[in-house]
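*Asks:* Residue numbering for the sequence shown is 0 to 141, as defined by numbering that gives the first Met the number 0.
Here it is, the structure, as C-alpha coordinates.
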Amino acid sequence: MRNIQKKLVLLQIKGFTLLESLLTLFITSFLLLAVSGSVRSSFEQVEEQIFFLEFEHFYRESQKLSSSAQSQLDMNFSRERISNGYNYLAVPRSIQAPEDLTLHFDKAGGNSSLGKIVFQTKKQTVTYQLYLGNGKFKKTTR
(Lines of atoms letter the chains of each structure in order from A; the text may use other names.)
(Lines give C-alpha, C1' and ligand atoms only; values in the text may rest on other atoms or scores of the structure.)
Protein backbone atom coordinates (compact mmCIF):
# COMPACT_ATOMS: atom_id res chain seq x y z
CA MET A 0 0.00 0.00 0.00
CA ARG A 1 2.83 2.37 0.83
CA ASN A 2 4.49 1.66 -2.51
CA ILE A 3 1.35 2.72 -4.35
CA GLN A 4 1.13 5.94 -2.36
CA LYS A 5 4.80 6.72 -3.07
CA LYS A 6 4.23 6.20 -6.82
CA LEU A 7 1.18 8.47 -6.75
CA VAL A 8 3.20 11.20 -5.06
CA LEU A 9 6.00 10.87 -7.64
CA LEU A 10 3.61 10.88 -10.62
CA GLN A 11 1.72 14.05 -9.73
CA ILE A 12 1.63 16.45 -12.67
CA LYS A 13 2.96 19.89 -11.97
CA GLY A 14 1.41 22.94 -13.64
CA PHE A 15 3.11 25.05 -16.28
CA THR A 16 4.88 28.20 -15.21
CA LEU A 17 3.69 31.57 -16.45
CA LEU A 18 6.70 31.87 -18.74
CA GLU A 19 6.03 28.49 -20.37
CA SER A 20 2.37 29.37 -20.90
CA LEU A 21 3.22 32.74 -22.48
CA LEU A 22 5.85 31.16 -24.72
CA THR A 23 3.34 28.55 -25.93
CA LEU A 24 0.72 31.24 -26.53
CA PHE A 25 3.21 33.37 -28.49
CA ILE A 26 4.33 30.49 -30.72
CA THR A 27 0.75 29.40 -31.39
CA SER A 28 -0.34 32.97 -32.22
CA PHE A 29 2.63 33.46 -34.54
CA LEU A 30 1.88 30.25 -36.44
CA LEU A 31 -1.82 31.13 -36.78
CA LEU A 32 -1.01 34.61 -38.12
CA ALA A 33 1.50 33.19 -40.59
CA VAL A 34 -1.04 30.70 -41.92
CA SER A 35 -3.94 33.19 -42.02
CA GLY A 36 -2.09 35.47 -44.46
CA SER A 37 -1.74 32.72 -47.04
CA VAL A 38 -5.32 31.59 -46.46
CA ARG A 39 -6.56 35.15 -46.99
CA SER A 40 -4.73 35.54 -50.31
CA SER A 41 -5.97 32.13 -51.48
CA PHE A 42 -9.51 33.11 -50.50
CA GLU A 43 -9.23 36.36 -52.50
CA GLN A 44 -8.06 34.48 -55.59
CA VAL A 45 -10.93 32.02 -55.36
CA GLU A 46 -13.38 34.87 -54.76
CA GLU A 47 -12.08 36.67 -57.87
CA GLN A 48 -12.39 33.59 -60.07
CA ILE A 49 -15.93 32.98 -58.84
CA PHE A 50 -16.82 36.62 -59.53
CA PHE A 51 -15.64 36.39 -63.14
CA LEU A 52 -17.65 33.20 -63.68
CA GLU A 53 -20.71 34.87 -62.13
CA PHE A 54 -20.19 37.97 -64.28
CA GLU A 55 -20.12 35.90 -67.47
CA HIS A 56 -23.29 34.12 -66.38
CA PHE A 57 -24.91 37.46 -65.41
CA TYR A 58 -24.01 38.93 -68.81
CA ARG A 59 -25.54 35.99 -70.69
CA GLU A 60 -28.65 35.99 -68.49
CA SER A 61 -29.12 39.73 -69.14
CA GLN A 62 -28.94 39.03 -72.87
CA LYS A 63 -31.55 36.28 -72.56
CA LEU A 64 -33.77 38.51 -70.44
CA SER A 65 -33.60 41.31 -73.00
CA SER A 66 -34.34 38.91 -75.84
CA SER A 67 -37.23 37.16 -74.10
CA ALA A 68 -38.84 40.44 -72.99
CA GLN A 69 -38.32 41.96 -76.46
CA SER A 70 -37.16 45.20 -74.87
CA GLN A 71 -33.95 47.10 -74.37
CA LEU A 72 -32.08 46.30 -71.16
CA ASP A 73 -29.29 48.31 -69.54
CA MET A 74 -26.49 46.81 -67.46
CA ASN A 75 -25.04 49.45 -65.11
CA PHE A 76 -21.59 49.19 -63.53
CA SER A 77 -20.50 50.84 -60.29
CA ARG A 78 -17.68 50.25 -57.83
CA GLU A 79 -19.73 47.98 -55.54
CA ARG A 80 -22.10 46.22 -57.93
CA ILE A 81 -23.31 45.50 -61.43
CA SER A 82 -27.06 45.77 -62.03
CA ASN A 83 -29.42 45.04 -64.90
CA GLY A 84 -32.58 46.50 -63.35
CA TYR A 85 -33.88 43.11 -62.22
CA ASN A 86 -30.92 41.67 -60.35
CA TYR A 87 -27.44 42.69 -59.30
CA LEU A 88 -23.99 41.18 -58.87
CA ALA A 89 -21.78 42.33 -55.98
CA VAL A 90 -18.19 43.22 -56.89
CA PRO A 91 -15.57 41.96 -54.39
CA ARG A 92 -13.31 44.54 -52.76
CA SER A 93 -10.23 43.01 -54.38
CA ILE A 94 -11.59 43.79 -57.87
CA GLN A 95 -11.71 47.23 -59.40
CA ALA A 96 -14.70 47.40 -61.74
CA PRO A 97 -15.30 50.13 -64.33
CA GLU A 98 -17.35 52.97 -62.87
CA ASP A 99 -20.27 54.83 -64.42
CA LEU A 100 -20.46 52.43 -67.33
CA THR A 101 -23.66 51.26 -69.02
CA LEU A 102 -24.12 48.42 -71.50
CA HIS A 103 -27.22 48.49 -73.69
CA PHE A 104 -28.78 45.24 -74.90
CA ASP A 105 -31.19 45.59 -77.80
CA LYS A 106 -34.44 43.67 -78.27
CA ALA A 107 -32.60 40.73 -79.83
CA GLY A 108 -30.21 40.49 -76.86
CA GLY A 109 -27.21 41.86 -78.73
CA ASN A 110 -24.84 44.41 -77.25
CA SER A 111 -25.26 47.77 -78.96
CA SER A 112 -23.13 50.11 -76.90
CA LEU A 113 -19.57 49.24 -75.96
CA GLY A 114 -16.57 47.27 -77.13
CA LYS A 115 -14.58 46.54 -73.98
CA ILE A 116 -14.95 45.99 -70.22
CA VAL A 117 -11.79 46.01 -68.06
CA PHE A 118 -11.54 44.67 -64.51
CA GLN A 119 -8.39 45.19 -62.44
CA THR A 120 -7.24 42.88 -59.64
CA LYS A 121 -4.06 43.02 -57.56
CA LYS A 122 -2.29 40.54 -59.83
CA GLN A 123 -3.94 40.79 -63.23
CA THR A 124 -6.09 42.73 -65.64
CA VAL A 125 -9.12 40.92 -67.05
CA THR A 126 -10.56 42.30 -70.27
CA TYR A 127 -13.83 41.32 -71.90
CA GLN A 128 -13.85 42.25 -75.59
CA LEU A 129 -17.52 42.52 -76.57
CA TYR A 130 -18.60 41.89 -80.12
CA LEU A 131 -21.24 44.37 -81.18
CA GLY A 132 -24.52 43.03 -82.45
CA ASN A 133 -24.28 39.33 -81.62
CA GLY A 134 -23.59 39.72 -77.88
CA LYS A 135 -20.61 37.35 -77.69
CA PHE A 136 -17.41 38.22 -75.86
CA LYS A 137 -13.78 37.18 -75.58
CA LYS A 138 -12.02 37.11 -72.21
CA THR A 139 -8.29 37.92 -71.99
CA THR A 140 -6.09 38.02 -68.92
CA ARG A 141 -2.83 39.95 -68.53
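Virtual Cβ for every residue (Gly too), placed ideally from N, Cα, C.
Using only alpha-carbon positions, find the residue among 122, 96, 109 and 67 that is nearest to residue 136.
*Replies:* Reading the sequence shown from its first residue, position 137 is the one you call residue 136. With distances taken between Cα atoms, residue 136 lies closest to 109.
*Asks:* Please classify residue 17: is it buried, with 16 or more other beta-carbons within 10 angstroms of its beta-carbon, or exposed?
*Replies:* Looking up residue 17 in the sequence shown gives position 18. The residue is exposed, with fewer than 16 neighbouring Cβ atoms inside 10 Å.
*Asks:* Strictly by DSSP, which residues pair up with residue 80?
*Replies:* Taking the sequence shown and counting its residues from 1, the one referred to as residue 80 is at position 81. Note: residue 80 sits in a beta bridge opposite 89.
*Asks:* What is the C-beta distance between residue 47 and residue 97, in whole angstroms, given that I count them as a contact (C-beta under 8 Å)?
*Replies:* Counted from its first residue, the sequence shown places residue 47 at position 48. Counted from its first residue, the sequence shown places residue 97 at position 98. Not confirmed; about 16 Å, so no contact.
*Asks:* Among 63, 50, 61 and 67, which has the Cα closest to the Cα of residue 95?
*Replies:* As a first step, residue 95 must be located in the sequence shown, where it is residue number 96. Comparing Cα-Cα distances from residue 95 to each of 63, 50, 61 and 67, the minimum goes to 50.
*Asks:* Confirm, please, whether the CB-CB distance from residue 129 to residue 114 is below 8 Å.
*Replies:* Locating residue 114 in the sequence shown gives position 115, where the first residue counts as 1. Locating residue 129 in the sequence shown gives position 130, where the first residue counts as 1. Yes, Cβ-Cβ distance for residue 114 and residue 129 is below 8 Å.
*Asks:* Quick one: what's residue 72 bridged to in DSSP?
*Replies:* On the sequence shown, residue 72 is found 73 positions in, with the first residue counted as 1. In the DSSP output, where bridge partners are listed per residue, residue 72 has 104.
*Asks:* By the three-class DSSP mapping on this structure, what secondary structure does residue 21 have?
*Replies:* As a position in the sequence shown, residue 21 is number 22, starting the count at 1. Reduced to three states, the DSSP call for residue 21 is helix.
*Asks:* Would you tell me roughly how many angstroms separate the C-alpha atoms of residue 141 and residue 81, rounded to the nearest one?
*Replies:* As a working mapping, residue 141 is identified with position 142 in the sequence shown. As a working mapping, residue 81 is identified with position 82 in the sequence shown. So the two alpha carbons sit approximately 22 Å from each other.
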